[in-house]
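So the structure is just underneath, and the comments pick up after that.
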Amino acid sequence: MKAKSLTTIFKRSLSDYVTFPIRNYNPAPNLNLSKDSIYKNARLKIQLLKAPSHFGHFTNRMNRLYNEDKYTVNMIKIPIRINDYGVDKTVEQECFTASVFDGHGGDECSTFLRNHLNEQVETLKPSKEGFMNLLSKYNENIG
Numbered sequence: 027m028k029a030k031s032l033t034t035i036f037k038r039s040l041s042d043y044v045t046f047p048i049r050n051y052n053p054a055p056n057l058n059l060s061k062d063s064i065y066k067n068a069r070l071k072i073q074l075l076k077a078p079s080h081f082g083h084f085t086n087r088m089n090r091l092y093n094e095d096k097y098t099v100n101m102i103k104i105p106i107r108i109n110d111y112g113v114d115k116t117v118e119q120e121c122f123t124a125s126v127f128d129g130h131g132g133d134e135c136s137t138f139l140r141n142h143l144n145e146q147v148e149t150l151k152p153s154k155e156g157f158m159n160l161l162s163k164y165n166e167n168i169g
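Heads up: take any position in the sequence shown, counting from 1, add 26, and you land on my numbering.
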């Protein structure tokens with residue numbers, strides 16, 4: 027049996043843009059914007075890495091030949107469980123993430139985290155049992 031590469035296991039593309047609803051959008055002054063209008067739900071799409079008003083960064087490799095640090099900026103969808111007023115459902119909430127990973131002597135780990143951490147956060151299915159197991163292991167190993 028041939029082992030799958032990490033890129034095959036973690037194949038997915040995260041969003042690198044954010045969209046905002048356009049309020050009071052009227053493409054023509056004399057256009058009637060009724061509730062059935064195709065422009066009612068117009069949205070503005072902003073590329074996160076190309077919008078200096080939304081995101082900026084600075085990096086310095088100091089005396090190394092190349093920079094081992096990595097960063098990522100994405101919009102991810104986090105499942106949120108709502109259990110309120112007799113309603114029990116899970117909804118997806120968009121969340122802006124900006125992460126910086128320090129290379130410290132190599133870029134393998136920082137590159138892996140840049141490429142896969144957001145996916146892991148997005149696909150994580152939290153449970154009470156998993157949380158209690160995490161606390162138990164933390165207590166055993168760290169105290």
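Ideal Cβ placement from N, Cα and C applies to all residues, glycine included.
Every value quoted in this text rests on a predicted model; they were computed, and no experiment measured them.
Around the Cβ of Asn144, a 10 Å sphere holds 16 or more other Cβ atoms; the residue is buried. Ser136 sits buried, since 16 or more C-beta atoms from the chains shown fall within 10 Å of its C-beta. Ranked by Cα distance from Lys71, the first of Tyr92, Thr45, Phe84 and Glu94 is Thr45. Under the 8 Å Cβ criterion, the segment 98-112 counts as touching the segment 140-154, having at least three qualifying pairs. Closest in alpha carbon position to Phe127, among Tyr111, Glu94, Glu120 and Thr116, is Glu94. Glu118 is a Cβ neighbour of Ile104, given a cutoff of 8 Å. Comparing alpha carbon positions, the residue from Ile102, Glu148, Arg140 and Ile106 closest to Lys115 is Ile106. Within its own chain, the residues whose Cβ lies closer than 6 Å to the Cβ of Ile102, once the five positions on either side in sequence are excluded, are Cys121, Thr123, Asn144 and Glu148, listed in chain order. Looking at the DSSP output, Tyr97 sits in a beta bridge with Val126.
In the structure shown, Asn109 adopts extended strand secondary structure according to DSSP, grouped into three states. Between the C-alpha atoms of Tyr92 and Ser125 there is a straight-line separation of about 20 Å.
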